Each structure stands twice: as C-alpha cells, then as structure tokens.
Amino acid sequence: MASNTKTAPPRGAPMNQTIYCKNLPDKLQKADLRRSLYMLFSTYGPVLDIVALKTPKMRGQAHVVFRDVQASTQAMRALQGFEFFGKQMKLSYAKGKSDTIAKLDGTFKIPTPEAATGIAATELQKSVFGGPPPGFEVAAPPATNTLPPPETSEGDKGVKRRREEESDKEDTSMEEEDDEGEAMDESDSD
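Heads up: the sequence shown at position 64 corresponds to 64 in the UniProt record's numbering, and the numbers run straight through without jumps.
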C-alpha cells in the first residue's frame, strides 16, 4: 500500500474558488488585513476579491476569492496552519458561491430584503404588523369621484389665495409705507 503524500482538502464544503479564512488577527485595520492577505495569497494565483468585515460576528475572518479552483486548492494546501501575524490560520472552502464569481458567471441575483434577513413574512405576520393598531376602525375606501374638488372659502387654513387678488392689496400698502418713510426722514433732518 502506497501512502498518499498530498494532503486532501478537508471534508465538508465541496471544492470552491473561495477560501474561508478564520483565526485571523482581529487587531489589524481592515485595509491592512486585506492588503496582507492579498500579498500572501496572490503568489498562488490571481485573487479577484478579499472580503474582510469588522463586524463583531465576522471579526478575525475573511473570504479570499480566486479565479479558479486549482489556485484556491494550491493556496489552501500551502497555507493551512500558516502563522499569520502570530496566529495560525485555519482555511477551508467557502460553503457558497461568492458574489464576485456569480457576477462573472452571469448568475448573480440581487438579494431581496426578505432574503437578506433569511425570514419570510407569513400572511399572519403581514396582517398583524401591516395592519392598524387594535381598536382602530378602518374606514372603507371612498368611492371614486370624477368631480373636481369643491371650492373652499378663503378662510380655510392652508389654502393660498390667488396671486391676482394679492397684487392689488400689496400695491396700496407699499405706497403707504413709502410715504411714512419720507415723513420720518424729514423729521430726522430737523
């Protein structure tokens, strides 16, 4: 029996173009982490994208996207257990397809808000959360009316008067102000 000298990829996720890296140093800035990972992984093949988030849930983790599966496999075999800034990296294939790869393949679908949360609202939830509060009666929708809205009186709040009506009144008040201003000027000169 011959022993296999190659290390087999870990069981679990199938071979993928994206490598999931964990046990990364979480004290590094995101830009520095991405740059360092790019420099490290680009020696094994073309790196398309590196996704490193600093949210509490994703801290110390990253996804490295390669152009092909062979490059990702070669990088994973070479760098498994590699000491990266004082911590041993743990690598595995990503469970799903990367958005970058999906865009290149033409299979990318824009996520919907329901898919992002992972919870689809049931009809009961929609009726409970989308409806009015308890004790509030919903009036039936008004019948469609093809007539124009009724004329309102000028005393209604929020109703603007027509410009034609305002112009006559403004002209007279401005003339009065001019006369008062001249009278003030004459009294000041005494």
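Backbone N, C-alpha and C fix where the C-beta goes; we use that ideal spot for every residue, glycine too.
Here the structure is a predicted model, which is why all the values come from computation and not from measurement.
Exposed or buried, residue i, counting other C-beta atoms within 10 Å across all chains shown (16 or more means buried)?
i, result
"L37", "buried"
"F66", "buried"
"Q17", "buried"
"I110", "exposed"
"V159", "exposed"
"A75", "buried"
"M89", "buried"
"P14", "exposed"
"N4", "With a pLDDT of 49 at N4, under the threshold of 50, the modelled position of this residue cannot be trusted; read the value that follows with caution. It is exposed - the Cβ of N4 has fewer than 16 other Cβ atoms within 10 Å."
Going by DSSP, what residue range makes up the alpha helix (DSSP H) through residue i?
i, result
"I101", "D99 to D105"
"S72", "V69 to L79"
"S36", "K30 to F41"
Just the Cα atoms here: how many angstroms apart are residue i and residue j?
i, j, result
"P46", "P113", "32 Å"
"D105", "F85", "35 Å"
"K22", "L79", "12 Å"
"K57", "D26", "11 Å"
"T122", "T55", "30 Å"
"R59", "A102", "25 Å"
"I19", "Y93", "5 Å"
"A50", "K157", "A small correction: the amino acid at residue 50 is Ile; Ala does not occupy that position in the sequence shown. Spanning the two alpha carbons is a distance of roughly 59 Å."
"K87", "T100", "28 Å"
Got a sec, what are the start and stop residues for the beta strand (DSSP E) residue i sits in?
i, result
"D26", "Run containing D26: none; DSSP gives neither H nor E here."
"V159", "No beta strand (DSSP E) contains V159, which DSSP labels as neither H nor E."
"Q17", "Taken as a continuous stretch (DSSP letters only), Q17 belongs to no beta strand (DSSP E), as it is neither H nor E."
"F108", "Here F108 belongs to no beta strand (DSSP E), and DSSP marks it neither H nor E."
"A62", "Q61 to F66"
"K90", "K90 to Y93"
"L48", "V47 to V51"
Closest by CA to residue i, which one among the options?
i, options, result
"D32", "I19, A62 and M15", "A62"
"L24", "R77, L91 and K97", "L91"
"K95", "V64, F82, R77 and E83", "V64"
- Okay, do the stretch 68–81 and the stretch 25–45 touch, 3+ Cβ pairs below 8 Å being the bar? At 8 Å Cβ cutoff, the stretches touch.
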